[in-house]
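Colleague:
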Amino acid sequence: MSKDNFTILKSTAVPLPVENIDTDQIIPARFLKATTREGFGDNLFCDWRFDGNNNPIKEFALNNAAYSGKILVAGKNFGCGSSREHAAWAIYDYGFRVVVSSFFADIFKNNALNNAVLPVVVSDKFLQSLLSSIQQKPKTEVTVDLLNQQISFDGQAEQFEINAYKKECLINGYDDIDYLLSLNKEIREFDLAH
Amino acid sequence: MSEQKPKTIFEKIWDAHVVKRAEGYPDALFIDRHYIHEVTSPQAFDGLRKRGIKVFNVNRTTATADHNVPTKDQHLPIKEALSRHQVETLRKNCKEFGVELYDLGHPFQGIVHIIGPELGLTQPGMTMVCGDSHTSTHGAFGSVAFGIGTSEVEQVLATQCILQYKPKTMKIEINGKLGKGVVSKDIILYIISKISASGATGFFVEYTGDAIRSLSMEARMTICNMSIEMGARGGLIAPDETTFNYIKGRRFAPQGEAFDKAVAKWKQLPSDAGAAYDVVLKYDAADIEPMITYGTNPGMGMKVTDRIPTVEELKELSEQASFKKSLDYMGLEPGSPLMGKAVDYVFIGSCTNARIEDLRLVASIVKGKKKADNVEVWVIPGSKQVEEQALKEGLNKVFEDAGFELRSPGCSACLGMNEDKVPPGKYCISTSNRNFEGRQGPKSRTFLASPLSAAVAAITGKVTDVREFI
Ligand code: SF4
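The listed protein sequences derive, respectively, from chains A and B. One point on numbering: in our numbering, the residue at position 131 of the first sequence is 131, and numbering is uninterrupted. One point on numbering: in our numbering, the residue at position 453 of the second sequence is 647, and numbering is uninterrupted.
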């Protein structure tokens with residue numbers, strides 16, 4: 001789905017120093033009953049955000065007024081588990097445009113990129129230092145520069161990898177289907193030959 | 195030169211399906227078969243409508259309702275409004291776009307990864323996708339099958355292609371003879387416990403070795419099913435006589451002469467001698483024992499007779515916090531054993547272990563016995579056809595006598611989208627594939643294990659070593 005164009009983002013960030021955050025935590029299955037893409041942000045991390053009576057759990061980062069911003073910083077192996085794209089929709093719908101981690105699960109990474117959420121892979125060391133900076137100074141501004149593939153804060157910077165094609169898509173706000181539709185004739189021929 | 199290079203089965207299938215390869219772009223990969231279900235397809239159909247396009251080839255698309263369906267009273271309208279709406283939306287979309295749907299009540303309905311193989315739709319050498327990560331199940335037939343997100347479902351509906359980078363390859367070889375009470379679920383839980391829940395991320399796995407060769411098709415599916423639980427894009431097993439015999443005569447399989455021709459082609463698929471893999475791992479089947487998970491990702495598994503590791507035993511410091519959080523959630527102590535731990539629920543179901551052989555395994559243990567008073571036991575067959583067969587063999591009688599509840603097909607408590615949920619704080623020994631926090635219901639606690647281990651736990655009411663029973 002083509003969405004907004006992405007070039008550079010400067011924002012404060014929300015720390016979530018937990019490893020192996022799976023898509024069932026990002027958006028529990030019971031919320032997957034909707035037939036549209038919108039509205040999932042309300043239930044992002046629902047079981048960590050709210051207690052059994054639907055009251056916000058104070059200690060959880062998303063409920064902590066000190067933290068805000070369009071960047072989520074999470075522990076390694078973020079987005080493992082189910083292929084539900086709802087996880088990426090929930091993150092987008094809540095307002096995040098970037099997730100930073102030292103490792104992403106494959107399907108989540110694709111889903112994020114398909115929904116204008118940029119997964120930024122950083123080294124473990126950079127991640128730990130970013131997390132502790134935010135925790136000590138919640139107003140830390142983080143800059144994610146897609147054009148130059150660089151993430152920086154407080155004088156620290158690191159380059160990140162992104163595939164050239166996906167980068168182009170994000171910058172221009174177009175998507176895979178636009179490209180595949182342009183191959184229609186070749187695909188038809190292939191289909192007939194199989 | 196490149197013609198001569200020995201190839202893995204994965205590379206053969208992948209390369210044969212590339213419609214277009216362009217520098218800097220991912221491959222446009224043609225998809226032979228696309229399975230869809232009610233949860234991850236509605237937004238994709240909406241996308242088609244918005245673009246004003248049709249489904250590229252409806253003959254390559256098959257739909258069923260499984261994730262969000264009740265497992266009781268399936269003949270009645272679905273009670274829960276949102277679930278009903280989702281299933282009705284699937285009906286409407288399939289009708290509008292001309293896609294074949296095996297709806298509730300249809301004799302072919304069932305969990306998508308169970309019905310594809312049993313109908314003969316899944317065949318060697320194919321590329322297959324579905325908006326569900328356990329699509330890797332179909333790899334058991336020697337096909338390249340993987341889970342995708344909804345935007346990709348839309349891509350495939352619209353163009354029968356998907357844009358993908360070719361993953362790296364990993365070979366996991368298991369040789370030797372499996373011990374008593376050890377089944378394919380234990381093999382895969384063992385592998386994941388060795389390489390962790392992210393150990394195969396970025397790879398497509400091929401399982402080989404005589405321990406794998408000796409398995410039935412259904413047992414092979416259990417292994418490929420859980421490939422995603424170690425992060426792999428998919429997992430496959432080269433086809434052999436076992437595969438061909440399983441497919442022969444199935445409804446949508448090639449018939450007669452066409453079948454023989456297909457087999458001749460399928461025989462070309464196995465990896466060439468000398469084909470290179472990015473990573474090769476080897477295990478000895480004799481080292482594998484009945485397994486169980488104790489934590490909140492499938493990598494947190496151990497031999498059922500082991501004890502949970504202590505915090506100090508963890509290899510990486512950074513893991514400690516997550517480990518503690520996980521055990522807190524599970525209400526378990528580091529360093530303690532699981533044997534004898536009382537369970538409240540037993541769930542026998544899911545695309546991992548709800549085929550007829552799984553139900554037979556369970557029945558072989560419980561025949562003539564009764565469940566323990568402290569447990570509730572749900573048996574959810576994977577499909578209408580599995581259910582039918584179970585009735586034919588009288589397994590329903592065995593389950594009823596034991597006090598188990600045999601329900602109708604669906605994903606059920608594997609993901610707790612319908613009303614089948616494990617209540618907060620309760621322990622469930624489950625034949626499914628995920629033990630994530632809240633997976634089986636908010637605050638539910640899951641122990642993943644084989645159908646045999648689940649069956650003995652149902653009888654004793656606690657975590658038990660199945661080898662004491664057989
Ligand atoms: S049974 Fe569970 S894992 Fe399998 S398709 Fe259904 S929800 Fe997914």
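No residue lacks a Cβ here, since even glycine has one placed at the ideal position from N, Cα and C. Since the model is a prediction, treat every value here as computed from it, not as a measurement.
Taking Glu662/B as the query, report the chain A residues whose CB atoms sit under 9 Å from its CB, ordered along the chain.
Modeller: None at all; the shortest Cβ gap to chain A is about 33 Å.
Colleague: Taking a Cβ distance cut-off of 8 Å, strictly less, list which residues of the region 170-186 of chain A are near chain B, in chain order.
Modeller: Asp175, Asp176, Ile177, Tyr179, Leu180, Leu181, Leu183, Asn184, Glu186
Colleague: Mind checking if Tyr165/A is an interface residue toward chain B, Cβ cutoff 9 Å exclusive?
Modeller: yes
Colleague: Is Pro531/B helix, strand or coil by DSSP?
Modeller: It is a strand residue.
Colleague: Going along the chain, which residues of the region 220-231 of chain B sit with their C-beta nearer than 9 Å to a C-beta in chain A?
Modeller: Pro220, Ala222, Phe224, Asp226
Colleague: Should Ile366/B and Glu400/B be called a contact, given that it needs their Cβ atoms to be closer than 9 Å?
Modeller: Closer than 9 Å, so yes.
Colleague: With DSSP run on the structure shown, which of helix, strand or coil describes Val323/B?
Modeller: strand
Colleague: On a Cα-Cα basis, can you pick out the residue from Gly543/B, Gly597/B, Tyr539/B that is closest to Lys561/B?
Modeller: Of Gly543/B, Gly597/B, Tyr539/B, the residue nearest in Cα terms is Gly597/B.
Colleague: To the nearest angstrom, how far is the alpha carbon of Met195/B from that of Asp434/B?
Modeller: Caution is warranted here: a pLDDT of 47 is assigned to Met195/B, below 50, making its placement in the model unreliable, and no coordinate value can be reported.
Colleague: Strictly below 9 Å CB to CB, what residues from chain B border Asn54/A?
Modeller: Going along chain B, no residue has its Cβ under 9 Å from Asn54/A, so there is no contact; the nearest lies around 11 Å.
Colleague: Can you give the Cα-Cα distance for Arg37/A and Arg285/B, rounded to whole angstroms?
Modeller: One C-alpha to the other measures close to 19 Å.
Colleague: Going by the C-beta, is Ser345/B closer than 8 Å to any heavy atom of the ligand SF4?
Modeller: No.
Colleague: Taking Ala105/A as the query, report the chain B residues whose CB atoms sit under 8 Å from its CB, ordered along the chain.
Modeller: Ser392, Thr395, Gly425
Colleague: Within the same chain, show all residues whose beta-carbon is closer than 6 Å to that of Asp326/B, passing over the 5 residues directly before and after it, in chain order.
Modeller: Gly341
Colleague: In chain order, what residues of the region 509-531 of chain B put their CB closer than 8 Å to some CB of chain A?
Modeller: Ser512, Glu513, Ala515, Ser516, Lys519
Colleague: Give me the Cα-Cα distance between Ile156/B and Lys185/A, rounded to the nearest whole angstrom.
Modeller: Residue 156/B falls outside the range modelled here, since chain B spans only 195 to 664, and no answer is possible.
Colleague: Shorter than 8 Å, the distance from the beta carbon of Ser235/B to the closest heavy atom of the ligand SF4, or not?
Modeller: no
Colleague: With 16 other CB atoms within 10 Å as the buried threshold, where does Val474/B fall?
Modeller: exposed
Colleague: Mind checking if Cys545/B is an interface residue toward chain A, Cβ cutoff 9 Å exclusive?
Modeller: No, Cys545/B does not count as interfacial toward chain A.
Colleague: DSSP three-state call for Pro311/B: helix, strand or coil?
Modeller: In the structure shown, the three-state DSSP call for Pro311/B is helix.
Colleague: Compute the Euclidean distance between the alpha carbons of Val650/B and Val580/B, then round it to the nearest angstrom.
Modeller: 22 Å
Colleague: Within 9 Å of any Cβ in chain A, is that where the Cβ of Lys214/B sits?
Modeller: A Cβ of chain A is located within less than 9 Å of the beta carbon of Lys214/B.
Colleague: I'd like to know whether the C-beta of Lys33/A is nearer than 9 Å to at least one C-beta of chain B.
Modeller: yes
Colleague: Looking only at DSSP bridge pairs, what is Asp478/B linked to?
Modeller: Asn369/B
Colleague: Does any CB atom of chain B fall closer than 9 Å to the CB of Ala90/A?
Modeller: no
Colleague: For Leu270/B, which residues of its own chain have a beta-carbon under 6 Å away from its beta-carbon, when the five flanking residues on both sides are left out?
Modeller: none
Colleague: Between Ala259/B and Val281/B, which are expected to be in contact by the criterion C-beta below 8 Å, what is the C-beta distance as a whole number of angstroms?
Modeller: 5 Å
Colleague: To test your reading of the DSSP string, which unbroken alpha helix (DSSP H) runs of 4 or more residues are found completely within the region 197-265 of chain B?
Modeller: 203-210, 236-245
Colleague: If the cut-off is 7 Å on Cβ atoms, which residues from the region 451-481 of chain B count as contacting chain A, listed in chain order?
Modeller: none
Colleague: Any idea if Ile187/A is buried or exposed, counting beta-carbon neighbours within 10 angstroms, 16 or more meaning buried?
Modeller: buried
Colleague: What do you reckon, is the C-beta of Thr546/B under 8 Å from a heavy atom of the ligand SF4?
Modeller: yes
Colleague: Check the Cβ-Cβ distances between His307/B and every residue of chain A, and say whether any is below 9 Å.
Modeller: By this cut-off, His307/B is not an interface position.
Colleague: Less than 7 Å between C-beta atoms, sequence neighbours within five positions excluded: which residues of the same chain meet that for Lys656/B?
Modeller: So the list reads Gly534, Lys535, Ala536, Val537, once near-sequence residues are dropped.
Colleague: Spatial neighbours of Met494/B within its chain, please: CB distance less than 7 Å, with the 5 preceding and 5 following residues excluded, ordered by chain position.
Modeller: Thr487, Tyr488, Ser520
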